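Undergrad: Could you have a look at this structure, given as structure tokens, before my questions?
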């Protein structure tokens with residue numbers, strides 16, 4: 002268990018837009034240490050999913066990816082397709098968002114699960130079947146044999162969530178990327194997902210990247226948290242410290258808007274966007290400098306990095 | 002699955018009835034008086050008004066239309082579609098004798114459609130936006146835009162008259178079917194190829210395909226093992242329509258290549274104003290088409306487990 | 003979204019085809035039916051660019067005239083089918099229930115008969131000519147519009163904004179005209195285009211069989227039918243009108259594709275990630 | 039102001055098969071200026087209740103008394119004047135606006151249906167409501183797909199308020215929005231509710247949001263009301279077993 006760290010250097014991802022390019026991820030450098038869960042937190046359009054998918058090189062042909070992503074001495078952004086196929090599912094697996102749409106509607110679930118075994122690992126035949134059944138049982142399914150014979154549309158969303166989680170685990174990877182696992186779920190399902198992820202992280206895979214907009218989930222699960230705002234990494238730090246004492250004005254605003262904290266909104270844009278900080282137009286603490294210049298990364302205390310001139 | 006089959010069978014009945022009504026109506030609408038035609042056949046060249054009236058009475062032409070329809074349908078169901086005005090041969094038997102030729106021709110054309118259409122579509126999707134894709138797309142548009150009868154003339158000139166590879170007309174051997182079936186399939190090959198390409202690319206863009214590649218499957222495996230089967234769903238849905246087009250279009254091709262199928266029979270009948278034959282032709286083609294569509298619907302259920310298991314609505 | 007250059011070329015070719023056909027009485031060098039028995043089946047010459055046919059008629063003039071009726075027929079018939087199919091489909095899709103069931107059964111019956119078969123039968127029984135062509139074209143193609151319109155209407159009606167309109171008190175007629183139609187008209191337009199192309203081919207095929215437009219009408223299909231046996235001696239008689247049909251139908255098909263791409267881009271424009 | 043008695047809705051196929059009761063004899067009342075929350079698992083029937091109150095779908099039984107008039111007895115035509123007194127905002131902002139029409143056209147439509155004023159007056163009214171919902175007039179000439187989720191939802195809200203409704207139904211109106219956008223929308227809603235003296239029905243599944251916005255709460259399960267009362271009371275001292283489980287699973291994950 003464990004594996005190696007993933008190091009992302011100067012990642013920029015652009016998509017073709019009507020005029021020129023739209024930048025989804027803007028020059029992000031980030032270490033994902035092995036052996037713990039790193040949370041990638043942000044709202045829609047912040048580029049968190051794009052960043053996660055870029056590690057597996059699953060962004061599609063139209064995306065333009067610049068930068069480096071080092072894992073086991075290889076730059077994944079430059080790796081050959083054959084090498085990537087070994088890494089995907091075998092070294093780094095994905096728990097996708099939207100489990101109902103993540104499964105092939107015309108293939109039985111059992112076959113979709115065994116497919117991973119065939120690609121990675123050496124369990125075959127009966128041994129493989131048993132392995133999958135155990136895995137499903139461990140994730141809280143009562144009758145795994147029956148699930149193997151079913152199709153995804155016969156199952157509830159919560160069940161499919163477990164199936165895709167099991168699918169990720171089948172290849173016995175070192176790393177797991179969970180992409181928005183609680184998106185659009187109600188409270189009951191959300192708690193189930195939390196338990197599945199916790200179970201996985203405690204007993205199977207310690208190194209995980211959790212991409213989410215769900216601050217509570219991140220807070221419960223993550224050892225480290227990175228906050229993204231419109232393609233820029235604004236703050237990173239240890240999970241509990243970050244939640245106890247958020248530093249970046251955006252992070253603070255985000256926490257304040259939690260229902261439990263009374264839903265105090267981040268102000269609507271009060272001034273024009275400048276050349277500098279991405280948050281400049283909404284920031285209550287903005288100075289004139291913030292509009293001109295991009296803040297660098299500052300380290301106000303051990304283990305915490307903030308992109309804000311307040312900590313310069 | 003059983004539910005689905007029963008429902009499909011049930012929806013077939015009004016369609017078959019509707020087709021029979023259309024066929025009956027066509028017969029009623031045809032110019033000329035069937036009584037006079039019938040008298041002419043028994044060599045009464047200049048019938049008197051009484052003779053005509055008596056013949057009408059005998060043929061049931063004075064009954065109310067629904068009753069006439071009922072009688073006609075009863076006869077039709079027992080295979081009696083009347084006799085040809087021209088030579089008095091029973092039309093039902095003649096159609097039945099010719100049907101295998103048309104069905105063979107149409108099924109062969111359907112086979113070409115699926116063979117070339119699917120493989121062309123897969124090839125285009127696999128090499129998306131490359132030169133091969135563009136060339137094949139061009140070929141597909143070419144095939145679906147070219148008038149079939151024009152293509153047939155060129156084919157005969159080239160393969161029969163210049164190269165002497167294939168016979169011009171008739172059906173002496175399997176080689177005789179080759180040219181007509183390919184001409185018949187041409188436009189459908191174009192349509193199928195384009196549809197398959199679009200459908201495959203759409204499935205390749207679905208979330209489950211992305212997840213499949215995240216498991217480490219190569220693009221080829223994602224396409225062949227996951228996307229292909231799903232992409233067949235819209236293709237199979239439309240295969241029924243193509244078969245309809247082929248079956249109807251076979252009349253034109255049969256006429257050009259002098260293939261003795263039911264289409265040629267009907268066209269010859271039109272030139273000799275043998276309206277009962279046309280009526281029978283409509284009924285026969287309609288019934289054949291409905292049966293094949295039913296078979297395709299069942300095939301559809303095999304491909305799409307959602308329908309097989311839930312009898313879901315299409 | 004800008005219109006691509008290739009689309010402009012297509013529109014240009016189509017405009018030339020339509021324009022030449024419309025202006026044929028002005029542009030054509032000869033009367034299309036003027037018989038000149040002294041010049042039978044001549045090859046291309048300065049006087050007759052495309053030669054003459056077996057009755058000494060000028061092929062170029064006949065080709066120029068040859069698309070007039072079939073194009074007009076195709077457009078009129080397809081427009082009628084569109085109106086009929088759209089009305090039926092929208093009504094069935096919007097109101098659902100019993101009306102929908104009835105209309106679906108009717109359209110199933112028409113779908114249960116191969117189009118060409120019905121066309122041949124109608125033309126055969128009514129005799130060739132413009133009215134039987136019109137009738138058979140409409141009867142065979144309205145179903146494709148009604149099916150599409152029904153499906154699209156049902157999809158649109160599943161959206162919240164229709165419920166929103168209803169909740170402010172808008173009536174069914176208003177909703178259909180102002181909310182449903184604008185949202186489904188794009189896809190209907192795509193089908194309209196491809197259907198016009200098909201109708202041109204159908205008219206030509208029926209005329210070729212002698213069941214459509216009748217000789218001596220200068221029509222592409224009729225011309226090919228007349229010249230069928232003379233291919234070896236004067237191939238231009240078959241090639242020229244056929245090429246016209248082919249180019250016309252290809253342009254219409256490609257225009258349909260361009261229209262579809264345009265619609266897709268418009269509906270995907272909300273893409274942001 | 040609003041009184042609902044024994045409202046029922048069943049779904050089922052025409053030819054037998056399983057009949058399914060989506061809403062089972064639901065009764066509640068709502069006083070002017072109050073906000074009533076609905077909570078429960080997805081598929082428990084809470085959205086169906088809301089749609090039946092507005093008669094967007096016909097009910098199979100029961101009464102909806104709005105100012106003493108039973109809306110279920112009115113014909114579609116008789117219903118039109120009542121329509122403008124109650125409005126609804128749906129969950130998904132993209133689907134709530136006609137994709138083929140510009141924002142301003144969508145905003146004009148409710149006023150046009152009720153033949154409200156002339157064009158100038160309509161425009162004035164729209165601008166007035168737009169400022170209340172913090173909508174910039176720049177957005178008026180855009181198509182819905184050019185709006186963000188939060189903007190689209192504000193347009194829908196603005197549209198709903200144009201006819202000065204007394205009752206506003208919010209059907210999971212913020213659950214598809216981002217956290218910060220939700221906070222923005224909700225605080226705006228609270229402000230507007232106070233300014234216009236609106237009576238609201240709020241359907242949601244985030245208990246914290248319900249607690250923050252509502253006066254009373256109804257908890258539904260499989261089409262039935264299993265608990266109702268003041269929101270604090272219900273959430274802090276749940277009586278029904280299922281309510282307790284719901285509160286438990288929301289606040290305590292372990």
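Chains as they are written, first to last, in my numbering: chain B, 2 to 313; chain C, 2 to 315; chain H, 3 to 275; chain W, 39 to 292.
Glycine included, each C-beta is placed from N, C-alpha and C at the ideal position.
In this text the structure is predicted, and so the values were computed from the model without any measurement.
#1: Does residue 307/B come out as helix, strand or coil in the three-state DSSP assignment?
#2: Distance, Cα to Cα, residue 205/W vs residue 276/W?
#3: Spatial neighbours of residue 306/C within its chain, please: CB distance less than 8 angstroms, with the 5 preceding and 5 following residues excluded, ordered by chain position.
#4: Would you report the Cα separation of residue 47/W and residue 186/C, rounded to the nearest angstrom?
#5: Is the number of C-beta pairs between the region 109 to 118 of chain H and the region 173 to 192 of chain H that are closer than 8 angstroms three or more?
#6: Could you tell me whether the Cβ atoms of residue 113/B and residue 120/B are closer together than 8 angstroms?
#7: Give the residues from the region 197 to 223 of chain C that approach chain B closer than 9 angstroms (Cβ to any Cβ), ordered along the chain.
#8: How about residue 154/B: is its C-beta nearer than 8 angstroms to some C-beta of chain C?
#9: Once DSSP output is grouped into helix, strand and coil, what is the label at residue 291/W?
#10: 8 angstroms is my cut-off, CB to CB: does residue 108/B come that close to chain C?
#11: Counting contacts by CB-CB distance shorter than 8 angstroms, is residue 207/H in contact with chain C?
#12: Is the beta carbon of residue 12/H closer than 8 angstroms to that of residue 1/H?
#13: May I ask you to list the residues that DSSP assigns as paired with residue 155/C?
#14: What is the C-beta distance between residue 117/C and residue 190/C, in whole angstroms, given that I count them as a contact (C-beta under 8 angstroms)?
#15: Go ahead and pull the three-state DSSP assignment for residue 277/C.
#16: Determine which residues of the region 282 to 310 of chain C have a Cβ less than 9 angstroms from any Cβ of chain B, and write them out in chain order.
#17: Locate the beta strand (DSSP E) running through residue 43/W, then write down its first and last residues.
#18: Shortest alpha-carbon distance to residue 209/C belongs to which of 240/B, 106/B and 23/B?
#19: Measuring straight from C-alpha to C-alpha, what distance separates residue 37/C and residue 277/C?
#20: Going by DSSP, which residues form a beta bridge with residue 15/B?
#21: I'd like to know if residue 84/W contacts chain B, where contact means its C-beta is closer than 8 angstroms to some C-beta of that chain.
#22: With burial defined as no fewer than 16 other Cβ atoms inside 10 Å of the residue's Cβ, what is the status of residue 185/H: buried or exposed?
#23: Name the residues in the region 255 to 273 of chain B whose C-beta lies less than 8 angstroms from a C-beta of chain W; which are they?
#24: In the DSSP assignment, the alpha helix (DSSP H) including residue 41/C goes from what residue to what residue?
#25: Using DSSP with H/G/I as helix, E/B as strand and the rest coil, what is residue 193/C?
#26: Near residue 2/B, which residues of its chain fall below 6 angstroms by C-beta distance, leaving aside the five closest residues on each side in sequence?
#27: Within the 8 angstroms Cβ cut-off, does residue 53/W reach chain B?
#28: Check the Cβ of residue 104/W against every Cβ in chain H and list those closer than 7 angstroms, keeping chain order.
#29: Figure out for me which residue from 242/C, 68/C, 234/C and 89/C has the closest Cα to the Cα of residue 291/C.
#30: My output table needs one value for residue 209/B: the three-state DSSP class, helix, strand or coil.
#31: Using beta-carbon positions only, say whether residue 145/C and residue 192/C come within less than 8 angstroms of one another.
#32: By DSSP's criteria, residue 227/B is part of a beta bridge. Which residues make up the other side?
#33: Determine, for residue 150/C, whether the minimum Cβ-Cβ distance to residues of chain A falls below 8 angstroms.
#34: Let's test the definition: count the other Cβ atoms within 10 Å of the Cβ of residue 216/B and tell me whether it reaches 16, buried, or not, exposed.
#35: Work out the CA separation of residue 194/B and residue 3/C for me, nearest whole Å.
#36: Please classify residue 166/C as buried or exposed, where buried requires at least 16 neighbouring CB atoms within 10 angstroms.
TA: If we stick to the structure as given:
#1: The sequence position of residue 307/B within the first chain is 306, counting from 1. Residue 307/B falls in the strand class under three-state DSSP.
#2: Locating residue 205/W in the fourth chain gives position 167, counting from the first residue. Locating residue 276/W in the fourth chain gives position 238, counting from the first residue. The C-alpha of residue 205/W lies about 28 angstroms from the C-alpha of residue 276/W.
#3: For this step, residue 306/C is matched to residue 305 along the second chain. Closer than 8 angstroms at Cβ, skipping near neighbours: no residue.
#4: Residue numbering aside, residue 47/W sits at position 9 when the fourth chain is read from its first letter. Residue numbering aside, residue 186/C sits at position 185 when the second chain is read from its first letter. Those two C-alpha atoms are separated by around 53 angstroms.
#5: Output reads no: the region 173 to 192 of chain H does not touch the region 109 to 118 of chain H.
#6: Start at 1 with the first residue of the first chain, and residue 113/B comes out as number 112. Start at 1 with the first residue of the first chain, and residue 120/B comes out as number 119. The answer is no: Cβ separation not under 8 angstroms.
#7: Within the region 197 to 223 of chain C, the qualifying residues are 206, 207, 208, 209, 210, 211, 212, 213, 214, 215, 216, 217, 218, 219, 220 and 222.
#8: Counted from its first residue, the first chain places residue 154/B at position 153. Chain C, which has a Cβ nearer than 8 angstroms to the Cβ of residue 154/B, makes this yes.
#9: Locating residue 291/W in the fourth chain gives position 253, where the first residue counts as 1. Residue state, collapsed to three classes: coil.
#10: Counted from its first residue, the first chain places residue 108/B at position 107. True, the Cβ-Cβ gap to chain C drops below 8 angstroms.
#11: Position 205 of the third chain, counting from 1, holds the residue named residue 207/H. With a threshold of 8 angstroms between beta carbons, residue 207/H makes contact with chain C.
#12: In the structure as shown, chain H begins at 3 and stops at 275. Residue 1/H is therefore absent and cannot be evaluated.
#13: In the second chain, residue 155/C corresponds to position 154, counting from 1. Under DSSP, residue 155/C forms no beta bridge with any residue.
#14: Indexing the second chain from 1 puts residue 117/C at position 116. Indexing the second chain from 1 puts residue 190/C at position 189. Confirmed, about 5 angstroms.
#15: By one-based count along the second chain, residue 277/C stands at place 276. Residue state, collapsed to three classes: helix.
#16: Result list: 304, 305, 306, 307 and 310.
#17: Within the fourth chain, residue 43/W is the residue found at index 5, counting from 1. From DSSP, the beta strand (DSSP E) with residue 43/W extends over 40 to 49.
#18: On the second chain, residue 209/C is found 208 positions in, with the first residue counted as 1. That would be 106/B, whose Cα lies nearest to the Cα of residue 209/C.
#19: Along the second chain, one-based indexing puts residue 37/C at 36. Along the second chain, one-based indexing puts residue 277/C at 276. One alpha carbon belongs to residue 37/C, the other to residue 277/C, and they sit about 14 angstroms apart.
#20: Here residue 15/B refers to the residue found at position 14 when the first chain is read from its first residue. Bridge partners of residue 15/B: 24/B and 65/B.
#21: By one-based count along the fourth chain, residue 84/W stands at place 46. By the rule that beta-carbons nearer than 8 angstroms mark a contact, residue 84/W does not touch chain B.
#22: By one-based count along the third chain, residue 185/H stands at place 183. Around the Cβ of residue 185/H, a 10 Å sphere holds 16 or more other Cβ atoms; the residue is buried.
#23: Within the region 255 to 273 of chain B, the qualifying residues are 255, 257, 258, 259, 260, 261, 263, 264, 265, 266, 267 and 269.
#24: For the purposes of this step, residue 41/C is taken as residue 40 along the second chain, with counting starting at 1. Per DSSP, the unbroken alpha helix (DSSP H) holding residue 41/C starts and ends at 35 to 42.
#25: Taking the second chain and counting its residues from 1, one reaches residue 193/C at position 192. Residue 193/C falls in the helix class under three-state DSSP.
#26: Mapped onto the first chain, residue 2/B falls at position 1. Since pLDDT at residue 2/B reaches only 43, below the 50 mark, its modelled position is unreliable, and the value read off the structure follows with that caveat. Excluding positions up to five away in sequence, the list reads 207.
#27: Taking the fourth chain and counting its residues from 1, one reaches residue 53/W at position 15. Low confidence applies to residue 53/W: its pLDDT is 49, below 50, so where it sits in the model is not reliable enough to give any reading.
#28: Position 66 of the fourth chain, counting from 1, holds the residue named residue 104/W. Listed along chain H, no residue sits closer than 7 angstroms to residue 104/W by beta-carbon distance, the nearest being about 14 angstroms off.
#29: Residue mapping note: residue 291/C aligns to position 290 of the second chain, counting from 1. Checking every option, the nearest Cα to that of residue 291/C belongs to 242/C.
#30: Counting from one through the first chain, the residue named residue 209/B turns up at place 208. Residue 209/B: strand per DSSP, three-state reduction.
#31: On the second chain, position 144 is the one that residue 145/C refers to. On the second chain, position 191 is the one that residue 192/C refers to. Going by C-beta atoms, residue 145/C is nearer than 8 angstroms to residue 192/C.
#32: One-based indexing of the first chain puts residue 227/B at position 226. Residue 227/B is bridged by DSSP to 41/B and 237/B.
#33: Absent from the structure: chain A. Protein chains present are B, C, H and W.
#34: Translated into positions along the first chain, residue 216/B becomes position 215. Sixteen is the threshold: when 16 or more other Cβ atoms of the shown chains lie within 10 Å of the Cβ of residue 216/B, as they do, the residue is buried.
#35: Working through the second chain from its first residue, we reach residue 3/C at position 2. Working through the first chain from its first residue, we reach residue 194/B at position 193. If I take the Cα positions, the gap works out to 37 angstroms.
#36: As a working note, residue 166/C is residue 165 in the second chain. That one is exposed.
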